[in-house]
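Here's the structure we're looking at; comments come further down.
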Amino acid sequence: MKPAPRSPILLTPGPLTTSDRTRNAMLRDWGSWDSDFNQITARIRERVLAIVHGEQTHVCVPMQGSGTFSVEAAIGTLVPRQGHVLIPSNGAYCQRLARICRVLGRQVTTIDYTEDRQVEAADVDRMLEADPSITHVAVVHCETGAGVLNPLHELALVAARHHRGFIVDAMSSFGAIEIDARRTPFDAVIAASGKCLEGVPGMGFVIAKRTTLEQSEGNSPSLSLDLYDQWTYMERTTQWRFTPPTHVVAALDEAIAQYLEEGGLEARGARYARNCKALVSGLAELGIRSFLDPSIQAPIIVTFHAPKHPAYAFKTFYQEVKQRGYILYPGKLTQVETFRVGCIGHFGEAGIPGAVRAIGETLEAMGIGMGSRMVAA
Ligand SMILES: *Cc1c(COP(=O)(O)O)cnc(C)c1O
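Written out as structure tokens, the structure is:
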């Protein structure tokens, strides 16, 4: 067998670069009935719950599929059919949340912001005051579209004060940015294997408040995405209800072991913050400005203004940077030409300086480097 070619470094917010240890954990097969495998599932559930200090109040329910499957499972199961969901929205993933509600036939109201702003707890407060028909507030913690960190704790307190349900898409922040169930009230926090825990993609999980989940039987319009059924079956049998993504589970277990060895949330968050800082300052030296105000930038993914130059095209830029070993991400904004660079994943401290160098060389090769263009003021 030939050795696998060296993979490029993924500077994308999931799938992301994983460690050899994590990938090697997928080199054996597991039976879904086997008690060794089911112990792995149990260990993941326990450790994930501990990351948010939810042991006393919440349960962790894993779900097959990409992160969106778990969001859909949470909305469909935890919001009753007559529910009405309020979504403060500042980007693509907030819009996806709203879309899920509509598809599932849940009434939805949004408060819309531009993508360069945080959503505001005061606006949610006013809406809840004005409209008693709203039963739930659903928010995105880190809006991966532009990279904005939303004020989760304040939003949670507002929902709690009005006695409404509170559901969080924490997909791109979970494990790196603190969420503490002991002080931030929530009914559900949703995350996935292939983001800040640095596993491979293929499963998500919902950390649900036990008392809320207990009351959610029969809500789900879906069989496979019924979180209540998945939970009760797993509690009863220790097994997944339908075929588990065994290799993904094994890899996540190994990834979480490394997460804990690294020092858990604090160390992971600090590493990403260092990556983010090095990235923003490195590209600034090349004349490339980040899109967001630094005060609302999450250290997860950074949106940059594309160079204003006739020779710039994202496709060429992407291919040139890829040839140098790094995979970037297209922008997700509608109004301005941007590209995105992720700060998350298992790459050494040289990863970011290497990427900055690759981008610099690419700009030179495209004839739009510092030497050949005016830097916009
Ligand atoms: C990645 C992500 C998701 C899930 O996307 P999938 O493509 O289904 O994995 C949901 N919300 C946010 C904020 C994300 O970053």
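Residue numbers (this note's numbering): 68 to 444. Just so you know, even glycine gets a beta-carbon here, dropped at the ideal spot from N, CA and C.
Measuring only the C-alpha atoms, how far is Val152 from Leu294? 18 Å
Close-in-space but distant-in-sequence residues of the same chain around Val388 (CB under 7 Å, 5 per side omitted): Leu395, Ala425, Ile426 and Thr429
In its own chain, which residues sit with a C-beta less than 7 Å from the C-beta of Ala444, not counting the 5 before and 5 after it? Residue placement at Ala444 cannot be trusted, given a pLDDT of 38 that sits under 50; what the coordinates show is reported in the next sentence. Closer than 7 Å at the Cβ level, and outside the excluded window around Ala444, lies no residue.
Quick one: which unbroken alpha helix (DSSP H) runs of 4-plus residues sit fully inside the segment 276–313? Chain order, please. 277–281 and 294–304
Given a cut-off of 8 Å on the beta-carbon distance, is the pair Leu145 and Ala259 in contact? no
Assign Phe384 to one of three DSSP states: helix, strand, or coil. Note: Phe384 maps to helix in three-state DSSP.
Would you call the segment 108–121 and the segment 337–348 in contact, with 3 or more CB pairs under 8 Å? no
Step through the CB atoms of chain C and report whether any lies within less than 8 Å of the CB of His230. Any reference to chain C falls outside this structure, which holds one protein chain only.
Suppose contacts are defined by Cβ-Cβ distances below 8 Å. Is Thr370 in contact with Leu359 by that definition? A contact, by the Cβ cut-off of 8 Å.
Would you kindly check if the distance between the Cβ of Thr251 and the Cβ of Ser99 is under 8 Å? Not in contact: Ser99 and Thr251 (Cβ atoms no closer than 8 Å).
Phe384 burial status per 10 Å Cβ neighbour count (16 or more: buried): buried
Measure the C-alpha to C-alpha separation of Thr279 and His229 and round it to an integer number of angstroms. So the alpha carbons of these two residues sit roughly 16 Å apart.
From the DSSP output, in three-state form, read off Ile118 for me. helix
Spatial neighbours of Phe272 in its chain, beta-carbon cut-off 7 Å, leaving aside the 5 residues before and after: Val115, Cys127, Val128, Pro129, Met130, Ser137 and Ala258
Where does Asn91 land, buried or exposed, given buried means 16+ other C-beta within 10 angstroms? When all chains shown are included, Asn91 counts as exposed.
Which two residues bound the contiguous alpha helix (DSSP H) that contains His376? Segment: none, His376 is in no alpha helix (DSSP H) and carries neither H nor E.
Cβ distance (whole Å) where Met270 is taken to contact Val316 below 8 Å: 7 Å
In terms of residues, what are the limits of the alpha helix (DSSP H) holding Thr135? For Thr135, the uninterrupted alpha helix (DSSP H) segment begins and ends at Gly134 to Leu145.
In angstroms with no decimal places, state the Cα-to-Cα distance between Asp198 and Val191. Between Asp198 and Val191, the C-alpha separation is close to 10 Å.
Let me check understanding here. Comparing Cα to Cα, which of Leu290, Ile154, Ile201 and Arg335 lies closest to Phe241? When only C-alpha atoms are compared, the closest one is Arg335.
Please return the same chain residues whose Cβ sits closer than 8 Å to the Cβ of Asn327, not counting the five positions on each side in sequence. At residue 327 the sequence reads Leu, which differs from the Asn that was named. Arg114, listed in sequence order.
Can you determine whether any heavy atom of ligand 1 sits closer than 7 Å to the C-beta of Cys209, and answer yes or no? yes
Gly150 classed as buried or exposed, judged by whether at least 16 other C-beta atoms fall within 10 angstroms: buried
Ser348 - containing beta strand (DSSP E), residue span: Taken as a continuous stretch (DSSP letters only), Ser348 belongs to no beta strand (DSSP E), being part of the alpha helix (DSSP H) at Gly331 to Glu352.
Assuming contact is defined by CB atoms lying nearer than 8 Å, are Tyr160 and Thr202 in contact in what I supplied? Taking C-beta atoms as the reference points, Tyr160 and Thr202 fail to come closer than 8 Å.
Rounded distance between the beta-carbons of Ala141 and Ile234, thought under 8 Å: 6 Å
Quick check: what's the CA-CA separation for Leu292 versus His376? Taking C-alpha positions only, Leu292 is separated from His376 by approximately 47 Å.
Is it right to say Ser200 is buried, meaning 16 or more other beta carbons lie within 10 angstroms of its own, or is it exposed? With fewer than 16 other Cβ atoms within 10 Å, it is exposed.
Can you tell me where the alpha helix (DSSP H) holding Arg424 begins and where it ends? Gly418 to Ala432
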